[in-house]
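Contents: one structure, followed by commentary.
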Amino acid sequence: MTGHRAIDQTAVHMAEAIRTGRATSYEITEAHLDRIDAVDGEIKAFLHVDREGALATAAEVDAAIARGEELGPLAGVPIAIKDVVVTKGMPTTAASKILEGWIPPYDATIVERIKTARMPILGKTNMDEFAMGSSTEYSAFGKTLNPWDTGRIPGGSGGGSAAAVAAKMAPLAIGTDTGGSIRQPGAVTGTFGGKPTYGSNSRYGLIAFSSSLDTPGPVSRNALDAALLHEVISGHDPRDSTSIDAPVPQVATAARHGASGDLSGVRLGVVKEFAEGADAAESGVVDAYQSGVDRLVKLGAEIVEVSCPSFKYALPTYYLIAPSEASSNLARYDGVRYGLRSGDDGQRGLEEVMSLTREAGFGPEVKRRIILGTYALSAGYVDAFYGQAQKVRTLIKRDFEAAFDQVDALVSPTTPFIAFKFGERTGDPYQMYLADLYTIPSNLYGGPGVSVPVGLSEGMPVGLQVMGPVLGDDIAYRVAAALESTQETPLADTAPEIGK
Ligand code: GLN
């Protein structure tokens, strides 16, 4: 998929063209809106498109540039936002019936920052309901299709953001990652997904799933574009009590450094336990990943095997902590405060209306998590389940901290398998949960993880994950950009053309 259409450019090039007057934000934004009109009937990445709002922002940017104003590095570049992030005056549903029709009265901090950066917002993207899932099949509003093969999933929960970027409906998008929802969709759609260090990007205005894990971050077609967006949205926010008050890692500089293709002196760890067990990765995924590791070695990186024995508990630990926190966070959807209300006939009592609302408003995966989480937090069981999971989380954290004493970053396949076919994993929750086997650890220890396209297996994209220590986002970007420098044509540009 090469060409000289506005939508084929990287975000960096679009920004440069806008700044220097070679293109206007209006025409670039309009080209993406037209692309959405042309292909999203098939892909269904968007739940809401704001043509007027996006073009109005674009026109303002063009006027500001004409007046000679100095704008930020992504000014005028359009962006799509996952529907779990609240946007003032624009419908926000988290792909749940329970929030259908809700119009938030405020912007998330990251949305405020996107607006300050003067980026036109194209609309809101589809996802698994409340960000629970790995395929978008759990969206209450229908699934999103993978632009590489429309019989396959685009990943999840942020499948809409990834598919929008893969199909060139948006050069940039926002995702959120609790256990892998930015990185796994990136891997299976041949796009770049970055989960920042927990706490370095404000959660204020994110519809909460698992508060100790949720992290918003960038979706793009390459490391540098993602890095610039990371810098737009990052930084301390007093409205989020877990926000880190520390300087933002210089990820754009690191991505530019990595693009020079020199990794001499960089020590990359491979976690021994990732390759063990019956659930290890598909051989085609391992081959593509290994070819990426070989290229990193050619650039000068040294590969070191490290051991994280507690890794085997990461998936079960996550599936206690995340549902527990979700059960508490989702208690607020009671039919009184937001969105849907069911069975309020004037006769029924409050409790019955709440229960009918939740019965009608939540889908099956969300209910499964609420039940599991409520059980794990209930009196008599909280120490055995939630408490125990928190202790094991500490062990996992220590394992990874010890690994980062030996290496600068860790590499792995992003996900054990390529995009699977629709319906293949909805019958067995565990099969769906396995998609995040390799991405969950960085959510548990809190560090950054990025997924960069590395190659193909069975004609479908494979991602390589780079994990860094807490606040080591820059090293992750450097390694990812170095890997990109070994590809003549970025994988994101080789996707089969859609909508012809
Ligand atoms: N797939 C994982 C889950 O279902 C992770 C989701 C996410 O990162 N939001 O919980």
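Note that my numbering has the sequence shown beginning at 741, numbered continuously upward. Positions of the beta carbon are idealized from the N, C-alpha and C atoms, including for glycine. Since the structure is predicted, the reported quantities are computational estimates derived from the model, not experimental observations.
Other residues of its chain near residue i: CB distance less than 6 Å, five sequence neighbours each side excluded
i: residue 960; result: 912, 932 and 966
i: residue 1217; result: 963, 967, 991, 994 and 995
i: residue 973; result: 850, 853 and 941
i: residue 1083; result: 1093 and 1096
i: residue 998; result: 1218, 1221 and 1222
i: residue 1139; result: 1048 and 1050
i: residue 798; result: 765, 766, 769 and 860
Cβ neighbours of residue i in the same chain (closer than 7 Å, five flanking residues each side left out)
i: residue 775; result: 747, 908 and 909
i: residue 1177; result: 1019, 1055 and 1156
i: residue 983; result: 939, 942, 976 and 977
i: residue 921; result: 871, 896, 897, 898 and 915
i: residue 1173; result: 1055 and 1059
i: residue 1032; result: 1194, 1195, 1204 and 1223
i: residue 986; result: 1211
Residue i versus residue j - alpha carbon distance
i: residue 1134; j: residue 1057; result: 10 Å
i: residue 1201; j: residue 929; result: 6 Å
i: residue 890; j: residue 782; result: 8 Å
i: residue 1158; j: residue 906; result: 15 Å
i: residue 1065; j: residue 1162; result: 28 Å
i: residue 924; j: residue 918; result: 11 Å
i: residue 1043; j: residue 1037; result: 7 Å
i: residue 885; j: residue 876; result: 9 Å
i: residue 1119; j: residue 981; result: 27 Å
i: residue 809; j: residue 819; result: 21 Å
i: residue 1005; j: residue 753; result: 31 Å
i: residue 1235; j: residue 1028; result: 17 Å
i: residue 1129; j: residue 1113; result: 12 Å
i: residue 857; j: residue 817; result: 9 Å
i: residue 1085; j: residue 1052; result: 50 Å
i: residue 1090; j: residue 1164; result: 39 Å
i: residue 795; j: residue 862; result: 9 Å
Cβ neighbour criterion (16 or more within 10 Å) applied to residue i
i: residue 827; result: buried
i: residue 868; result: buried
i: residue 1210; result: buried
i: residue 1075; result: buried
i: residue 1099; result: exposed
i: residue 882; result: exposed
i: residue 1087; result: exposed
i: residue 848; result: buried
i: residue 1105; result: buried
i: residue 846; result: exposed
i: residue 1023; result: exposed
Proximity of residue i and residue j at Cβ, strictly below 8 Å
i: residue 801; j: residue 811; result: yes
i: residue 879; j: residue 948; result: no
i: residue 1003; j: residue 1040; result: yes
i: residue 1180; j: residue 1050; result: no
i: residue 1142; j: residue 1011; result: no
i: residue 1078; j: residue 839; result: yes
i: residue 843; j: residue 860; result: no
i: residue 892; j: residue 944; result: no
i: residue 1109; j: residue 1068; result: no
i: residue 805; j: residue 759; result: yes
i: residue 935; j: residue 1188; result: yes
i: residue 786; j: residue 927; result: no
i: residue 946; j: residue 1122; result: no
i: residue 1063; j: residue 1116; result: yes
i: residue 822; j: residue 1080; result: no
Assumed close pair residue i, residue j - CB separation to whole angstroms, cut-off 8 Å
i: residue 1204; j: residue 1169; result: The pair is not a contact, with the Cβ atoms about 27 Å apart (cut-off 8 Å).
i: residue 1190; j: residue 1206; result: 5 Å
i: residue 1048; j: residue 1013; result: 6 Å
i: residue 1046; j: residue 1147; result: 6 Å
i: residue 864; j: residue 970; result: About 20 Å separates the two Cβ atoms, so there is no contact after all.
8 Å Cβ cutoff, residue i in contact with chain D
i: residue 754; result: Of the chains in the structure shown, none is chain D; there is only one protein chain.
Same chain, Cβ closer than 8 Å to residue i, neighbours up to 5 away in sequence not counted
i: residue 1212; result: 937, 989, 1144, 1148, 1149, 1187 and 1188
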